[in-house]
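Data first, discussion second: the structure below is written as structure tokens.
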Amino acid sequence: MSEALHAAFGIPGAVTIAPGVHGLPQVVLTHPSGAGAAVYLHGAHVTSWTNAAGDELLFVSRESYFAAGRPIRGGIPVIFPQFGGGALPQHGLARTAAWRLLRSGDGPAVTLGLTESADTLAAWPHPFALELDVRLGAATLTLTYTLRNTGAEPFACHAVLHTYFGVGDIRRAALHGLAGTAYLDTLHDRRREVETCPVLRFDQEIDRIYLNAPDTLQLDDEARGLRLTIAKHNMPDVTVWNPWIAKAARTPDFGDDEYLRMLCVETGIMHPQHALAPGDAWTGETVLTCAAAGG
Ligand code: BG6
């Protein structure tokens with residue numbers, strides 16, 4: 050399968066399609082700067098983003114499943130139509146679905162698509178069309194997430210890019226930009242609070258949905274001397290999650306010590322749901338930029 054996809058969508062020096070873990074088709078993007086990224090068709094899941102110096106900027110668990118029907122643990126899961134628990138499987142249907150490769154080109158960039166199937170309709174009775182465009186720059190990764198209601202009835206949904214950043218040591222990571230933002234504390238029945246810290250640091254489990262958060266956040270990975278900027282457009286909310294020790298231990302596809310090496314800073318529509326009339330579309334974009342700290 051990867052071979053046929055490569056023949057159709059490969060671009061010398063920029064886009065390669067090759068088998069990934071367990072043979073699952075993977076699109077590898079390469080930038081002339083030396084930066085790279087990898088996207089699985091399974092879930093349209095970005096599993097790697099490396100800067101020109103070769104630093105891996107995303108976290109993927111060594112315990113992750115790479116198997117049909119199961120989410121990959123780490124990278125950038127695409128969440129739709131439900132974020133969190135509810136009537137559907139946790140975090141919805143898109144992250145475990147087989148997406149299609151729609152387009153490649155204009156440099157290291159690829160667009161994947163997902164539409165309803167017998168399986169999604171059995172779980173959630175709405176036709177839809179999703180696209181995820183992944184574009185690699187010298188120091189940036191741009192993710193454009195488009196959602197269209199292709200059915201005859203309105204629907205309401207969540208839509209999230211559940212990004213797992215890799216950090217050298219979570220105890221030396223700092224997230225800037227959320228002071229003054231209201232949040233729902235998932236660890237306390239979604240109790241509503243307001244963030245008072247100008248800089249978030251991490252020494253215990255955190256699971257919060259920041260509502261209408263500022264569009265630019267900064268994550269400092271002090272252990273590795275890296276600074277990540279997260280710029281979002283038309284994606285109002287941000288979830289900050291680290292499972293810490295106890296939740297890591299009870300999560301089968303997550304190593305017990307791996308909470309030290311990651312932080313999820315997720316962007317999208319998390320609360321409330323977004324309503325889409327028949328024929329309507331929504332597009333949100335997140336641009337990740339990596340620089341040396343102080344650079
Ligand atoms: C986060 C949620 O978005 O995802 C957490 O806020 C959840 O509560 C985490 O534990 C991971 O979810 P999952 O389904 O991938 O284990």
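Numbering of the sequence shown is given in the numbering used here, commencing with residue 50 and proceeding in unit increments. C-beta: ideal position from N, C-alpha, C; glycine also.
Query - Test item: CB-CB of Leu90 and Arg149 under 9 Å - result: Taking the sequence shown and counting its residues from 1, one reaches residue 90 at position 41. Taking the sequence shown and counting its residues from 1, one reaches residue 149 at position 100. Pairing Leu90 with Arg149 gives a Cβ-Cβ distance under 9 Å.
Query raised in the report: Looking only at C-alpha atoms, which of Glu105, Gly154, Pro130 and Arg221 sits nearest to Ile318?
Result: For this step, residue 318 is matched to residue 269 along the sequence shown. Looking at the Cα atoms, Pro130 is the closest of the given residues.
Requested in this report: Ignoring anything shorter than 4 residues or poking outside the region 150-192, list the alpha helix (DSSP H) runs there in chain order.
Outcome: Within the region 150-192, the runs of alpha helix (DSSP H) that reach at least 4 residues and sit entirely inside it are, in chain order, 167-172.
Query raised in the report: Is any heavy atom of ligand 1 found at a distance shorter than 8 Å from the C-beta of Pro285?
Result: On the sequence shown, residue 285 is found 236 positions in, with the first residue counted as 1. Incorrect: Pro285 has no Cβ contact closer than 8 Å to ligand 1.
Report task. Select from Ile219, Ala53 and Thr230 the residue whose C-alpha is nearest the C-alpha of Gly274. Result -> For this step, residue 274 is matched to residue 225 along the sequence shown. Comparing Cα-Cα distances from Gly274 to each of Ile219, Ala53 and Thr230, the minimum goes to Ile219.
Requested in this report: Measure the CB-CB distance between Glu315 and Ile128 and report whether it falls below 9 Å.
Outcome: To locate residue 315, count along the sequence shown from 1; it is residue 266. To locate residue 128, count along the sequence shown from 1; it is residue 79. Contact flag set, yes.
Query raised in the report: Can you find a C-beta in chain B that's less than 9 Å from the C-beta of Trp148?
Result: Among the chains of the structure shown, chain B does not appear; only one protein chain is present.
**Report entry** Runs of alpha helix (DSSP H) wholly within the region 51-122 (minimum 4 residues, chain order)
**Finding:** 51-58
**Report entry** Nearest-angstrom Cβ-Cβ length linking Ala208 and Gly333, presumed shorter than 8 Å
**Finding:** Reading the sequence shown from its first residue, position 159 is the one you call residue 208. Reading the sequence shown from its first residue, position 284 is the one you call residue 333. Yes, they are in contact, since the Cβ atoms of Ala208 and Gly333 sit about 7 Å apart, within 8 Å.
Query raised in the report: Would you say Gly215 and Leu107 are within 9 Å of each other, going by their C-beta atoms?
Result: Your numbering for residue 215 matches position 166 in the sequence shown. Your numbering for residue 107 matches position 58 in the sequence shown. With a cutoff of 9 Å on beta-carbon distance, Gly215 and Leu107 are scored as near each other.
Query raised in the report: Can we count Cys313 as close to ligand 1, meaning its CB is less than 8 Å from some heavy atom?
Result: Position 264 of the sequence shown holds residue 313. Result yes, Cβ under 8 Å from ligand 1.
Query raised in the report: Within the present structure, is the beta-carbon of Phe132 separated from the nearest heavy atom of ligand 1 by less than 8 Å?
Result: In the sequence shown, counting from the first residue as 1, residue 132 sits at position 83. Under cutoff, so the answer is yes.
Query raised in the report: Can you find a heavy atom of ligand 1 that lies under 8 Å from the Cβ of Thr288?
Result: Translated into positions along the sequence shown, residue 288 becomes position 239. Yes, Cβ of Thr288 sits closer than 8 Å to a heavy atom of ligand 1.
Report task. Return yes when the C-beta of Ile279 is under 8 Å from any heavy atom of ligand 1, and no when it is not. Result -> Taking the first residue of the sequence shown as position 1, residue 279 is located at position 230. No - ligand 1 has no heavy atom lying nearer than 8 Å to the Cβ of Ile279.
Query raised in the report: What is the rounded straight-line gap between the Cα of Ser146 and the Cα of Phe58?
Result: Taking the first residue of the sequence shown as 1, we reach residue 146 at position 97. Taking the first residue of the sequence shown as 1, we reach residue 58 at position 9. It is Ala, not Ser, that sits at residue 146 in the sequence shown. So the alpha carbons of these two residues sit roughly 20 Å apart.
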